[in-house]
Amino acid sequence: PSQAAKPGPPEDPGQATKLGQPEDPGQPTKLGQPPEPGLPTEPGQGAQPGRAGAGSYDLVLALGTAGSLPAGAGPAAEVGRELGADRGGLGPEGFALARRDAVTVVLADEPAGLLHGLFQVVRLGPAAFGADRPVERHRPALRLRLVSHWDNVDVHPVMGQVERGYAGGSIFWLDGAPRQDPERVRDYARLLAACGMNAMTVNNVNVHGTATRLLTDRLDDVAAIADLVRPYGIRVHLSVNFAAPVTLGELPTADPLDDDVRAWWAEAAKRVYGTIPDFGGFMVKADSEGQPGPYRYGRTHADGANMLADALAPYGGMVHWRAFVYDHRQDWRDRSTDRARAAYDHFTPLDGQFRDNVIVQVKHGPMDFQTREPVSPVLAAMPHTRLALEVQATQEYTGQQRHVCYLGPWWSEVLRFAPWGPGRPTVASVAAGSAGDDGAAPSGGGGLVVVSNVGADHYWTGHPLAQANLYAIGRLGWAPDLDPLAVLDEWIDLTFTPSASTDPELLRDTLHALLDDSWRTYERYTAPLGVGFMVAPGHHYGPDVDGYEYSRWGTYHFADRDGVGVDRTRAAGTGFTGQYPQPWADRYESLETCPDELLLFFHHVPYRHVLHSGSTVIQHIYDTHFAGVEQVAELVRRWERIGPAGLVDPALHARVTDRLAEQQRCAEEWRDKVNTYFLRKSGVPDAHGRRIY
Ligand code: GCU
76 PSQAAKPGPP
86 EDPGQATKLG
96 QPEDPGQPTK
106 LGQPPEPGLP
116 TEPGQGAQPG
126 RAGAGSYDLV
136 LALGTAGSLP
146 AGAGPAAEVG
156 RELGADRGGL
166 GPEGFALARR
176 DAVTVVLADE
186 PAGLLHGLFQ
196 VVRLGPAAFG
206 ADRPVERHRP
216 ALRLRLVSHW
226 DNVDVHPVMG
236 QVERGYAGGS
246 IFWLDGAPRQ
256 DPERVRDYAR
266 LLAACGMNAM
276 TVNNVNVHGT
286 ATRLLTDRLD
296 DVAAIADLVR
306 PYGIRVHLSV
316 NFAAPVTLGE
326 LPTADPLDDD
336 VRAWWAEAAK
346 RVYGTIPDFG
356 GFMVKADSEG
366 QPGPYRYGRT
376 HADGANMLAD
386 ALAPYGGMVH
396 WRAFVYDHRQ
406 DWRDRSTDRA
416 RAAYDHFTPL
426 DGQFRDNVIV
436 QVKHGPMDFQ
446 TREPVSPVLA
456 AMPHTRLALE
466 VQATQEYTGQ
476 QRHVCYLGPW
486 WSEVLRFAPW
496 GPGRPTVASV
506 AAGSAGDDGA
516 APSGGGGLVV
526 VSNVGADHYW
536 TGHPLAQANL
546 YAIGRLGWAP
556 DLDPLAVLDE
566 WIDLTFTPSA
576 STDPELLRDT
586 LHALLDDSWR
596 TYERYTAPLG
606 VGFMVAPGHH
616 YGPDVDGYEY
626 SRWGTYHFAD
636 RDGVGVDRTR
646 AAGTGFTGQY
656 PQPWADRYES
666 LETCPDELLL
676 FFHHVPYRHV
686 LHSGSTVIQH
696 IYDTHFAGVE
706 QVAELVRRWE
716 RIGPAGLVDP
726 ALHARVTDRL
736 AEQQRCAEEW
746 RDKVNTYFLR
756 KSGVPDAHGR
766 RIY
């Protein structure tokens, strides 16, 4: 049959080119182990093979509408008929999956749907080939799921080849030129598709030097990447420099309302689409941390974004315009400026002014990817703008891929957060554009953007267990309601194939013991109660309690002999709590109702202030820092125990062992510096008399 293809080389060559021959979709997530017998890489395995026309098979991947499936397509045609009129509802990436008469059927309207369906079969493993399954429909909740690479084309003198990269060099660029490793890029695209992503930027949001020219004379480098990733349903976007017309030496101004500037960008877009017809669009960091932007010309962010949107609109391109705009030259003596307020103050007055093909990209918290922050109030304050949620898989502030820190539970909390209170729309529905009247984000929402944690490292992510973060964010972007620990189980199965090991439960339990609570463990031994930062300036690794206290970056904790925390109340502080809708505006404002974990983000309190937990702030600091380090020591023991059993590849075991040793060292340093700092400031001794320096 021409539409019902077998696994392996499809009979219809047209499908093979569209799908890029995903003959072994599980491979890139494996860590150097042989494929597990029983995964559907081998046609003919599983239960009774089905029959259709000439061959027998137990997996059918069928592309097309129900009507076009020939009668001989057997179970596929049956499933198609059952889907009936609903087929049209699968969308460009959706698929239906069923098992009928010992045949597993995946149906989709578009090639990308078939690809995602195949990956679902891989995820299910042998379960996809067991008992009959009723028809399930799958489609992504968030339409655009983009991985943002902070990869530099040239090596940056401070940031290196990848800004905030902890996994070796870039997989795309090497010292000003393409890295020339097409296999790696192709594998990466397959890995991203397997996680559920569908777009990526290939260069840093800080666009310098050669990277500026990716738009012009270096466009072919981008086209080469687009060709490699296209078969896996991944579209390429580009970070652009707002001042490119000037920095490339062609115009005297980058004023977005200037006709020559508009014509320059229109021409640039035309050239890009002439070379890459399915190009996704531009990402822009403007007027932020030294990057140029429309303010310089007295224009607004809407003027800037719309100018680029107009250039891209004829080709269906998008602008991702980042809301990460704040004063990075603040005076620490100035108590009236609050960095947390900045994105809201800059952007919410512009709500309704952005074109339909502009997405305003909002970091999940008001500060900067800290271990704990409240959800950004911007996400609940721009009902007439498409908003994307931006999260950071690269562990800049969460242990830099030397510490185990599984962020799935954190992102899940953010996606499920209901800014208007329980039972009302969530952040996920804002990003999906389905918040409706309550939080209305029209035109399909803006989706998800995740800053990549991947590099040229053998294990992709430096710390092999950091792969779980990439997998989790892809899955949560597809289905934000998934339980992050169930997602972790999927990742464990796909990556380590515990069922093939001699003691599958020991391996699974150990991995869960290391990862499940690792974000909270990290939180325990670092900055307390949501106050954030306290990291070493510049590289952001390890503790430096006052490292940012008297600096220009706007990230202060205000600890003195009496207390600690930032007063962001309306009553006496910066008024930031007023940027939230109810009930959160009042809940954060009041000491009685502010959640413990965010107390010091919103309030300055005395050290003996009693938390909801019953402990005082100072005792909580001591207790969590001792507990966090003990938990890390336990992780080290758990991991050691599985070494001799040979449950994982020895090289991988050794890599994780090294990283755990560093995590333990660093956690102890955090504990001792934070506890000592607060003992000296407060003079309040530890109730349990433990050693503090
Ligand atoms: C953080 C990070 C920078 C990055 C910036 C951004 O401030 O430290 O390296 O450029 O975020 O998101 O643009």
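Start counting the sequence shown at 76; every next residue gets the next number (UniProt numbering). C-beta: ideal position from N, C-alpha, C; glycine also.
Just how far apart, CA to CA, sit residue 470 and residue 132?
Position 395 of the sequence shown, counting from 1, holds the residue named residue 470. Position 57 of the sequence shown, counting from 1, holds the residue named residue 132. Spanning the two alpha carbons is a distance of roughly 44 Å.
Check this for me: beta carbons of residue 55 and residue 607, under 7 Å apart or not?
Coverage of the chain is limited to positions 76 through 768, which leaves residue 55 absent and any answer about it impossible.
I'd like the list of long-range same chain contacts for residue 490, defined as Cβ closer than 7 Å, with 5 residues on each side in sequence excluded.
Against the sequence shown, residue 490 aligns to sequence position 415. 501, 502, 503, 551 and 555.
With a threshold of 6 Å, establish whether the CB of residue 316 neighbours any heavy atom of ligand 1.
Here residue 316 corresponds to residue number 241 of the sequence shown, with the count starting at 1. Every heavy atom of ligand 1 is 6 Å or more from the Cβ of residue 316, so no.
Buried or exposed: where does residue 245 fall if 16 or more other Cβ atoms within 10 Å of its Cβ makes it buried?
Walking along the sequence shown from the start, residue 245 turns up at place 170. Residue 245 comes out buried.
The segment 591-608 contacting the segment 564-575, beta-carbon criterion three pairs below 8 Å
Here the segment 591-608 makes no contact with the segment 564-575; the two share fewer than three CB pairs at distances below 8 Å.
For residue 591, the nearest candidate out of 482, 642, 636 and 230 (CA to CA):
For this step, residue 591 is matched to residue 516 along the sequence shown. Considering only alpha carbons, the answer is 482.
Residues near residue 238 in its chain [Cβ-Cβ closer than 6 Å; skip 5 each side]
Working through the sequence shown from its first residue, we reach residue 238 at position 163. The beta carbon of residue 238 is closer than 6 Å to those of 225 and 279 in its chain, skipping five residues each way along the sequence.
Would you be able to state if there are at least three C-beta pairs under 8 Å between the segment 420-437 and the segment 371-391?
yes
Inter-residue CB distance, residue 477 and residue 538 (contact presumed, cutoff 8 Å)
Numbered from its first residue, the sequence shown carries residue 477 at position 402. Numbered from its first residue, the sequence shown carries residue 538 at position 463. Their Cβ separation, rounded to whole angstroms, is 7 Å, which keeps residue 477 and residue 538 in contact under 8 Å.
Looking at residue 748 and ligand 1, is the gap between the Cβ and the nearest heavy atom below 6 Å?
Locating residue 748 in the sequence shown gives position 673, where the first residue counts as 1. It does not: the Cβ of residue 748 is nowhere closer than 6 Å to a heavy atom of ligand 1.
Please report how far the alpha carbon of residue 565 lies from the alpha carbon of residue 768, in whole angstroms.
As a working note, residue 565 is residue 490 in the sequence shown. As a working note, residue 768 is residue 693 in the sequence shown. Roughly 44 Å between the two C-alpha positions.
Straight-line gap, residue 125 to residue 338 (C-alpha atoms, nearest Å)
Locating residue 125 in the sequence shown gives position 50, counting from the first residue. Locating residue 338 in the sequence shown gives position 263, counting from the first residue. Note that residue 125 scores a pLDDT of 47, beneath 50, so its modelled location is shaky and nothing firm can be said.
Start-to-end residues for the alpha helix (DSSP H) that takes in residue 183
Position 108 of the sequence shown, counted from the start, is the residue given in the question as residue 183. From DSSP, residue 183 is part of no alpha helix (DSSP H) but of the beta strand (DSSP E) over 178-183.
Taking the C-alpha atoms as reference points, what is the distance between residue 307 and residue 704?
As a first step, residue 307 is located in the sequence shown; it is residue number 232 there, counting from the start. As a first step, residue 704 is located in the sequence shown; it is residue number 629 there, counting from the start. Those two C-alpha atoms are separated by around 42 Å.
Would you be able to state if there are at least three C-beta pairs under 8 Å between the segment 400-414 and the segment 450-460?
no
If you compare alpha carbons, which of 373, 390, 531 and 190 is closest to residue 343?
Residue 343 sits at position 268 when you count from the first residue of the sequence shown. Nearest C-alpha to residue 343: 390.
Let me make sure I understand the geometry here. Which of 189, 193, 196 and 272 has the alpha-carbon closest to that of residue 523?
On the sequence shown, position 448 is the one that residue 523 refers to. Of the listed residues, the one whose Cα sits closest to residue 523 is 272.
Would you kindly work out how many angstroms separate the C-alpha atoms of residue 474 and residue 367, rounded to a whole number?
Along the sequence shown, one-based indexing puts residue 474 at 399. Along the sequence shown, one-based indexing puts residue 367 at 292. Their backbone Cα atoms lie some 30 Å apart in a straight line.
Entirely enclosed alpha helix (DSSP H) segments - the segment 437-520, minimum 4 residues:
Those alpha helix (DSSP H) runs which fall completely within the segment 437-520 and span 4+ residues are 483-491, 502-507 and 511-514.
May I have the straight-line CA-CA distance separating residue 322 from residue 620, to the nearest angstrom?
For the purposes of this step, residue 322 is taken as residue 247 along the sequence shown, with counting starting at 1. For the purposes of this step, residue 620 is taken as residue 545 along the sequence shown, with counting starting at 1. Their backbone Cα atoms lie some 39 Å apart in a straight line.
Buried or exposed: which applies to residue 419, given that a residue is buried once 16 or more other Cβ atoms fall within 10 Å of its Cβ?
Against the sequence shown, residue 419 aligns to sequence position 344. Buried is the call here.
So within the segment 200-284, which uninterrupted alpha helix (DSSP H) runs reach at least 4 residues, ignoring any that extend past its ends?
Taking only runs of at least 4 residues, the alpha helix (DSSP H) segments lying wholly in the segment 200-284 are 257-270.
Every unbroken alpha helix (DSSP H) within the segment 552-638, with a cutoff of 4 residues, ordered by chain
Whole alpha helix (DSSP H) segments, 4+ residues: 559-571, 579-590 and 593-600.
Rounded separation between residue 200 and residue 742 - CA only:
The sequence position of residue 200 within the sequence shown is 125, counting from 1. The sequence position of residue 742 within the sequence shown is 667, counting from 1. So the two alpha carbons sit approximately 38 Å from each other.
Mind checking whether the beta-carbon of residue 280 lies closer than 6 Å to any heavy atom of ligand 1?
In the sequence shown, the residue the question calls residue 280 occupies position 205. Yes, Cβ of residue 280 sits closer than 6 Å to a heavy atom of ligand 1.
What's the call for residue 698, buried or exposed, on a 16-neighbour Cβ count within 10 Å?
One-based indexing of the sequence shown puts residue 698 at position 623. Its Cβ being crowded by 16 or more others within 10 Å, residue 698 is buried.
Say the cut is 6 Å; is the CB of residue 399 nearer than that to a heavy atom of ligand 1?
Indexing the sequence shown from 1 puts residue 399 at position 324. Yes, the Cβ of residue 399 comes within 6 Å of a heavy atom of ligand 1.
How many angstroms separate the CA atom of residue 458 from the CA atom of residue 657?
As a working mapping, residue 458 is identified with position 383 in the sequence shown. As a working mapping, residue 657 is identified with position 582 in the sequence shown. Going by the C-alpha atoms only, they are around 16 Å apart.
C-beta contact flag for residue 603 and residue 748 at 7 Å
Position 528 of the sequence shown, counting from 1, holds the residue named residue 603. Position 673 of the sequence shown, counting from 1, holds the residue named residue 748. No; because the gap between Cβ atoms is not below 7 Å, this pair is not in contact.
For residue 757, I'd like the list of residues in its chain whose CB is within less than 6 Å of its CB, leaving aside the five on either flank, ordered along the chain.
As a working mapping, residue 757 is identified with position 682 in the sequence shown. So the list reads 682 and 693, once near-sequence residues are dropped.
Assuming residue 155 is part of the alpha helix (DSSP H), what are its boundary residues?
Indexing the sequence shown from 1 puts residue 155 at position 80. First-last of the alpha helix (DSSP H) with residue 155: 150-158.
Length at least 4, wholly inside the segment 294-370: the alpha helix (DSSP H) runs in chain order
294-304, 319-322 and 334-350
Is residue 389 helix, strand or coil by DSSP?
As a working mapping, residue 389 is identified with position 314 in the sequence shown. If DSSP states are grouped into helix, strand and coil, residue 389 belongs with the helices.
Of the listed residues 155, 136, 175 and 218, nearest to residue 521 (C-alpha basis):
Residue mapping note: residue 521 aligns to position 446 of the sequence shown, counting from 1. With distances taken between Cα atoms, residue 521 lies closest to 218.
Should residue 360 be listed as close to ligand 1, given that the test is whether its C-beta is under 6 Å from any heavy atom?
Position 285 of the sequence shown, counted from the start, is the residue given in the question as residue 360. Yes, Cβ of residue 360 sits closer than 6 Å to a heavy atom of ligand 1.
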